[in-house]
Amino acid sequence: MLAFVLRRIAQAVLVMLAVGLIAFSLFTFVGDPVLFMLGQDATPEDRIRITHLLGLDQPFYVQYAHFVARAVQGDFGLSLRQVQPVSRLFVERLPATLELSFVAALLAIAVGIPMGVYAALKRNSWLSQVFLAVSLIGVSLPTFLIGILLILVFAVLLGWLPSFGRGDTVAIGWWTTGFLTVSGLKSLILPSITLGLFQMTLIMRLVRSEMLEVLRTDYIKFARARGLPDRSVHFRHALKNTLVPVITIAGLQLGSIIAFAIITETVFQWPGMGLLFIQSVTVADIPVMAAYLCLIALIFVVINLVVDLLYYAVDPRLRLDRAAAAH
Amino acid sequence: MAEPLLSVRNLRVEFPTRHGTLIAVDDLSFDIAPGEILGVVGESGAGKSLTGMAIIGLLEPPGRIAAGEIRLEGERIDALPAEAMRRIRGKRIGAIFQDPLTSLNPLFTIGEQLVETILTHLDMSERQARDRAIELLAEVGIPAPELRIDNYPHHFSGGMRQRVVIALALCARPRLIVADEPTTALDVSIQAQIIELLRKLARENGAAVMLITHDMGVIAETADRVAVMYAGRLAEIGPVKEVIHAPHHPYTSGLMSSIPKLGEGRETLAQIDGAMPRLTAIPPGCAFNPRCPKRFDRCTAERPSPLPAGTTEAACWLYAR
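Chains A and B, in that order, give the protein sequences.
Mind the numbering: the first sequence is residues 81 to 407 in this note's numbering, read in order.
Mind the numbering: the second sequence is residues 553 to 873 in this note's numbering, read in order.
As structure tokens, this is what we get:
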């Protein structure tokens with residue numbers, strides 16, 4: 081078990097180093113920073129001095145090592161546009177994105193799994209057909225279109241919900257939350273539906289097809305032959321087996337929810353990291369882009385690790401075999 | 553004979569399909585006495601497994617019982633509501649399936665599966681159920697059951713898993729066990745052990761067994777009586793010795809002579825020409841008539857019912873009088 085965790089962590093570090101290298105190489109595409117800082121009239125002596133001061137005369141791998149060392153401490157330098165430390169910008173924006181993603185993921189799982197189970201158990205009912213039809217829409221409609229349609233219906237035509245922003249937020253330490261105010265909660269509804277709909281339909285279809293597969297297996301037939309009640313056959317024996325593959329997909333989807341929040345945040349002008357990233361792209365604010373890249377990669381890697389451990393907890397077959405394989 | 557434990561009368565199982573209705577089991581009647589082991593043999597597709605599934609009420613839709621009746625200890629069970637039938641399954645009729653590797657849920661310990669089954673049918677505390685589960689595992693010959701009970705199915709070999717499956721089928725001491733090819737997926741050396749175990753437990757518990765297999769060797773060793781099925785119909789039924797050594801139905805004769813015997817030194821195996829008809833194309837009259845060496849006019853015109861022939865009954869016009 082310990083060996084398994086250590087091996088996974090080592091792999092995660094490797095992935096992060098690779099992503100860091102890509103983020104670092106972004107800086108080489110914006111031209112010569114010395115030229116930016118000194119302008120065209122600087123003397124060659126000044127250039128050499130500044131280049132040396134910034135460490136830019138050192139070999140590539142030394143610069144990269146410095147970048148990694150600072151990144152590990154959360155230091156990605158100053159934002160070119162806002163002249164603030166990048167880390168502070170992210171700390172301000174992080175709660176908005178995480179709260180939105182959390183609600184969207186919760187929605188996707190809490191609605192998607194029951195819908196999928198229902199569609200598998202009552203395969204021929206009209207409601208299952210409706211679920212399947214709706215899920216087709218959810219999978220095929222682009223996120224921004226869903227967002228705009230929701231705004232049109234619920235904000236513009238009905239006027240029930242706000243069309244943009246986070247509403248009022250409450251600060252708890254450095255974390256600002258929208259969960260504690262009515263306007264904050266109301267503001268969450270449309271963006272989280274927009275963000276979660278695709279994942280919800282994906283989870284629903286996945287649960288449905290996995291469940292149908294499991295219901296055909298011999299151990300389900302044998303469970304019925306032992307006279308176990310349907311409730312137990314469906315929700316104990318079948319559902320647990322269904323969830324093994326679903327955990328992996330749902331976990332990975334959580335990562336993409338956070339990453340794809342960019343589009344939803346843009347549509348709803350949600351003050352999160354995604355919006356920050358889009359704004360930075362338009363002005364080529366490289367430090368912010370590099371930091372975003374690293375942060376999203378980190379979130380993905382951590383989620384992957386957690387999913388692996390969860391998988392391990394759910395499926396007893398892995399415990400013995402993997403531990404044995406690790407030695 | 554005393555009142556039969558299980559009585560199947562004129563059972564007909566149908567599968568409605570796009571190309572018409574398939575009759576998978578047709579006009580099948582037989583009895584099983586308490587404590588008796590009835591072997592059911594036949595080729596693949598002869599309807600043996602479907603008969604078993606019909607008895608435990610687990611025919612997969614669209615398959616359905618179209619006619620006939622099934623009685624367990626005199627009570628009709630073929631038309632019971634789903635919930636009443638569920639209570640019978642596991643409690644009064646146990647079932648064992650072919651593949652022990654896939655019959656157990658991989659995510660639950662065998663103890664969890666046993667205890668759940670026991671608590672479903674018997675009124676006892678969780679503690680008592682666990683004790684009973686350990687007892688059952690000991691009964692089916694699992695060493696150190698008090699330790700093994702917390703293992704998952706993947707910790708057991710195929711033969712051991714089939715023992716667990718048998719323990720699960722015996723949880724509530726059913727009067728009848730439907731065993732569908734219980735040894736087919738096992739090594740030959742393990743097969744004999746499992747068959748012996750099944751026979752011993754049936755005797756100790758006073759349970760009858762419906763042993764479905766295509767292995768005549770297993771039947772010869774285990775069964776009291778044997779029913780031979782062909783194309784969804786009963787060809788011959790009778791005491792196992794008679795059917796094996798002095799079969800009356802031409803199909804049974806062909807089946808028996810196709811089993812090679814040691815020391816005969818034959819170059820080729822005897823075989824029955826042709827193949828069992830598809831269910832969509834069963835010939836009129838006796839289903840076996842196109843392949844029968846003793847066919848005569850009546851065989852292609854009229855369908856025979858089982859007729860007394862010596863100590864067996866054979867569905868063959870040779871025995872009409």
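Glycine included, C-beta positions come from ideal geometry on N, C-alpha and C.
**Study point:** Chain-ordered neighbours of S312 of chain A on chain B, where CB pairs are closer than 9 Å
**Key:** E668 and T672
Review point. Excluding five sequence neighbours on each side, which residues of the same chain lie with their C-beta closer than 7 Å to the C-beta of I327 of chain A?
Key: V387, L390, Y391 and V394
Practice item. For the region 843–868 of chain B, enumerate the residues whose C-beta is nearer than 7 Å to any C-beta of chain C, in chain order. Key: This model lacks chain C altogether; the protein chains it does include are A and B.
Point to revise | Distance CB(A198 of chain A)-CB(N657 of chain B) smaller than 8 Å | key: The residue asked about is misnamed: residue 198 of chain A is Tyr in this sequence, not Ala. No, they are not a contact pair.
**Study point:** Contact between the region 352–359 of chain A and the region 82–89 of chain A (3+ Cβ pairs under 8 Å)
**Key:** no
Check your understanding: DSSP on V761 of chain B, reduced to helix/strand/coil?
Key -> DSSP places V761 of chain B within a strand segment (E or B) once states are collapsed to three.
Review point. Out of curiosity, what's the CA-to-CA distance linking F259 of chain A and P175 of chain A?
Key: Whole-angstrom Cα-Cα distance: 11 Å.
Point to revise | Interface partners of I575 of chain B on chain A, CB under 8 Å | key: Residues of chain A passing the Cβ test: none, with the nearest at roughly 23 Å.
Point to revise | Chain-ordered neighbours of R639 of chain B on chain A, where CB pairs are closer than 8 Å | key: G307
Check your understanding: From the DSSP output, which residues share a beta bridge with M605 of chain B?
Key -> Under the DSSP definition of a beta bridge, M605 of chain B lacks any partner.
Check your understanding: Straight-line CA distance for A330 of chain A to I189 of chain A?
Key -> In a straight line, the C-alpha of A330 of chain A is about 8 Å away from that of I189 of chain A.
Review point. At a Cβ cut of 8 Å, what residues of the region 382–399 of chain A count as close to chain B, listed as they run along the chain?
Key: V394, D395, P396 and R397
**Study point:** Candidates A:I337, A:L292 and A:A92, of which the one nearest L201 of chain A by Cα
**Key:** A:L292
Exercise for review: Would you give the residue range spanned by the alpha helix (DSSP H) that A103 of chain A belongs to?
Suggested key: L82 to L106
Point to revise | Secondary structure of F582 of chain B, DSSP reduced to three states | key: strand
Review point. When the Cα atoms are used, what is the spatial distance from I771 of chain B to L859 of chain B?
Key: 23 Å
Exercise for review: With 9 Å as the C-beta to C-beta threshold (strictly closer), list the residues of the region 704–736 of chain B near chain A in chain order.
Suggested key: Y704, P705, H706, H707, V717, L720, A721, C723, A724 and V730
Review point. Going along chain B, which residues have a C-beta under 8 Å from T328 of chain A?
Key: Those within 8 Å of T328 of chain A in chain B number zero; the least Cβ separation is about 15 Å.
Exercise for review: Indicate whether at least one CB of chain B lies closer than 8 Å to the CB of T322 of chain A.
Suggested key: no
Exercise for review: Flag this pair as touching only if the region 576–583 of chain B and the region 557–568 of chain B have three or more C-beta atom pairs under 8 Å; answer yes or no.
Suggested key: yes
Practice item. Given a cut-off of 8 Å, decide if G609 of chain B and R641 of chain B are closer than it, judged by their beta-carbon atoms. Key: yes
Review point. Taking the alpha carbon of H146 of chain A as the point to measure from, which residue in A:R168, A:V363, A:L160 and A:L101 has its own alpha carbon closest?
Key: A:L101
Check your understanding: For S810 of chain B, is the classification buried or exposed, using 16 other Cβ atoms within 10 angstroms of its Cβ as the cut-off for buried?
Key -> exposed
Point to revise | Beta bridge counterpart(s) of I648 of chain B as assigned by DSSP | key: B:A731
Check your understanding: Is R713 of chain B buried or exposed, if buried means 16 or more other CB atoms sit within 10 Å of its CB?
Key -> buried
Point to revise | Cross-chain neighbours of G642 of chain B in chain A, by beta carbon under 8 Å | key: A305, R306, G307 and L308
Review point. Cα separation between Q315 of chain A and L265 of chain A?
Key: Per the sequence shown, residue 315 of chain A should be read as Phe rather than Gln. Distance between F315 of chain A and L265 of chain A, taken at the CA atoms: about 32 Å.
Review point. Within the 8 Å Cβ cut-off, does D651 of chain B reach chain A?
Key: yes
Check your understanding: Helix, strand or coil: how does DSSP classify S272 of chain A here?
Key -> helix
Review point. Any idea which residues DSSP pairs F567 of chain B with across the strands?
Key: B:L574
Review point. Since T257 of chain A sits in a beta bridge, which residues does DSSP pair it with?
Key: Its beta-bridge partners are A:V250.
Review point. Under 9 Å Cβ-Cβ, which residues of chain B neighbour K408 of chain A?
Key: A question about residue 408 of chain A goes unanswered here, because the residues of chain A that appear run from 81 up to 407.
Check your understanding: Using Cβ-Cβ distances below 7 Å, what residues of the region 265–290 of chain A are close to chain B?
Key -> none
Point to revise | Through-space distance from L821 of chain B to P812 of chain B, alpha-carbon basis | key: 7 Å
**Study point:** Alpha carbon of V262 of chain A to alpha carbon of A647 of chain B, nearest angstrom
**Key:** One C-alpha to the other measures close to 58 Å.
Point to revise | Selected residue, minimal CA-CA separation from E773 of chain B, among B:T669, B:K752 and B:Y782 | key: B:K752
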